[in-house]
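Notes to accompany the following structure.
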Amino acid sequence: MAHYRQIGEVPPKRHTQHRDPEGRLYYEELMGEEGFSSDSSLLYHRGVPSAIVASEVWELPDQARTPNHPLKPRHLRLHSLETSGCPVEGRRLVLGNADVRIGYVVTGTDPSPLYRNAIGDECVYVESGGGTVETVLGTLTYRAGDYVILPRATTHRWLPSEPSRLYAIEANSHVAPPKRYLSRYGQLLEHAPYCERDLHGPTGPLLADRPDGPEGPEGSEGSEGSDVEVLVKHRVPGLPGGVGGTRMTYAGHPFDVVGWDGCLYPYTFNIDDYMPITGKVHQPPPVHQVFEGHNFVVCNFLPRKVDYHPLSIPVPYYHSNVDSDEVMFYVGGDYEARKGSGIDIGSVSLHPGGHAHGPQPSAIEASLGAEYFEESAVMVDTFAPLELGEAGLAAEDPAYAWTWAGRSTGPDADGGPAVYSNS
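Residues 1 to 423, numbered by full-length UniProt numbering, are exactly what the sequence shown covers, in order.
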């Protein structure tokens, strides 16, 4: 995020001596994107940030993916999934491809282990709940409706203050605001649906041995001189999804940063601060875009006034995703276009490229004359086909694909015709 911040103590010039009151030199760490050619932040540690004493395999939850073949739209009921409760290790893979993975977890109130995603940025949508995320750059507070943006390789841990439902969008790239909303220098422009005032960065810094905390993960004793374990997710060619895990043990606590400055840091953005763009007739999905990564975008569909042309049709027209798969996560209200299909809060719909989709036929006439839609959804559009993770298969509603035809089931086991619904 190209919006400069400074937290804690930093020297007047970069890459010059910075010492503590006793004269000991702080250790610089540059977190930078694209090989020193893009956004970065410069951190000042009390200990050596590369001092590891052990490295062991971390067995990730099942990362296998199953192709959407034969091709069909899918309905996944995420609220039916059981998860372990850990915000990191409890995530179950719902959908994924080589560019992005979507996971889901219902947390308890226990803190997660220290964790770092070395594959790409994470964009975690908080469906419900609240708490804090402690990071090497400081603390974020999160609440329902927040996106928590965590740059690649940011060491952090989740501390839910209440059980939380987390929808984790894990990129294999960086996640940023859409380029069309940014000036050539990176400022959000006047026509953007949000601005820098809506982005909430970390407070801090976090010092592991500070008398008032944090105490660190269980077993760390809160001391920068104690061995501390960090779970690292990283690329491993040959493993399912090309993703593997390592348990790295450090000689000191990573939360030993006395200060940092730069344009690369975690932040939160709440969907209530997003200003929907509306029009005289139905607007296409790109007007709802909030973030983008390599080969995918993230959009919000929020409560809003709808089309005001006297002959407008407020629900979307049927459309074919010839270049993308569309994933809609329904998080609030009553989604007008899919009434009667079984879609409800907690549902995910996957509408793949090659399949024309749109509203239930009955929803079109029912929407005429509507002035306002009370609905909330988070959409991910990908430009490569998505495959189903183990959680996607476990949560599937097998009748969904046939709902536009008014049928309740697909072909039977003997290849017979689909069965019409009595409703």
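All C-beta atoms, glycine included, are put in the ideal place defined by N, C-alpha and C.
In this structure, the alpha-carbon of Val53 lies about 6 Å from that of Thr249. The beta carbon of Tyr26 sits closer than 8 Å to the beta carbons of His18, Arg19, Asp20, Tyr44, His45, Arg46 and Val258 from its chain, once the five residues preceding and following it are set aside; these are given in chain order. Taking 7 Å as the cut-off, the beta carbon of Thr135 is found closer than this to the beta carbon of Pro202. Under the three-state reduction of DSSP, Thr278 is assigned to coil, being neither helix nor strand.
Uninterrupted beta strand (DSSP E) stretches at least 3 residues long and entirely within the stretch 219-302 occur at 228-235, 243-250, 257-262, 267-270, 289-293 and 296-301, given in chain order. In the displayed model, His357 falls within a strand according to three-state DSSP.
Judged by pairs of C-beta atoms under 8 Å, the stretch 95-104 does not touch the stretch 133-152, as fewer than three such pairs exist. In this model, Ser347 and Cys195 are separated by some 30 Å (Cα to Cα). In this structure, Val281 lies away from His319, with their beta-carbon atoms at least 7 Å apart. For Asp121, the closest of Leu140, Pro73, Val175 and Leu76 by C-alpha to C-alpha distance is Val175. For Leu140, the enclosing beta strand (DSSP E) starts and ends at Gly138 to Arg143. Around the C-beta of Met31, 16 or more other C-beta atoms lie within 10 Å, and the residue is accordingly described as buried. Contact between Val100 and Phe296 holds, with the beta-carbon distance rounding to 5 Å and staying under 8 Å. Using a Cβ distance threshold of 7 Å, Pro160 and Thr107 count as a contacting pair.
The shortest CA-to-CA distance from Arg143 to any of Gly90, His200 and Pro240 is the one to His200. Around the beta carbon of Gly35, fewer than 16 other beta carbons sit within 10 angstroms, so the residue counts as exposed.
In the same chain as Glu387, and ignoring 5 residues on each side of it, the C-beta atoms closer than 8 Å to its own belong to Arg65, Thr66, Pro67, Asn68, Leu95, Gly96 and Asn97, in chain order. Distance between Pro11 and Phe255, taken at the CA atoms: about 19 Å. In this structure, the beta-carbon distance from Ile313 to Tyr330 does not fall below 7 Å.
The alpha carbon of Glu28 has as its nearest neighbour, out of Trp260, Val315 and Pro266, the alpha carbon of Trp260.
Residue pairing from DSSP places Leu30 in a beta bridge opposite Leu42. Burial state of Glu375 is buried, judged by a 10 Å Cβ sphere holding 16 or more other Cβ atoms. Between the stretch 77-93 and the stretch 108-115 there are three or more C-beta pairs closer than 8 Å, enough to call the two in contact. In this structure, Val124 sits near Ala168, with a CB-CB distance shorter than 7 Å.
Put simply, of Val126, Tyr317, Ala363 and Leu150 the residue whose alpha carbon is nearest the alpha carbon of Asp272 is Val126. Annotation: Ala51 is outside any beta strand (DSSP E) and is labelled neither H nor E by DSSP.
Proximity to Thr268 across Thr139, Pro73, Lys13 and Lys179 peaks at Thr139, based on C-alpha coordinates. When DSSP states are grouped into helix, strand and coil, Lys72 belongs to the coil group. Setting aside the 5 residues that flank it on each side, Asp334 is surrounded in the same chain by Glu374 and Glu375, each with a C-beta closer than 8 Å to its C-beta; the list follows chain order.
Separation of the CB atoms of Thr278 and Val306 is rounded to 7 Å, and the pair is thereby assigned contact status at 8 Å.
Around the beta carbon of Glu22, a 10 Å sphere encloses fewer than 16 other beta carbons of the protein chains shown; the residue is thus reported as exposed. Beta-bridge partners assigned by DSSP to Thr203: Thr139. The beta carbon of Gly242 sits closer than 7 Å to those of Arg235 and Val236, all from its chain and outside the five residues before and after it, given in chain order.
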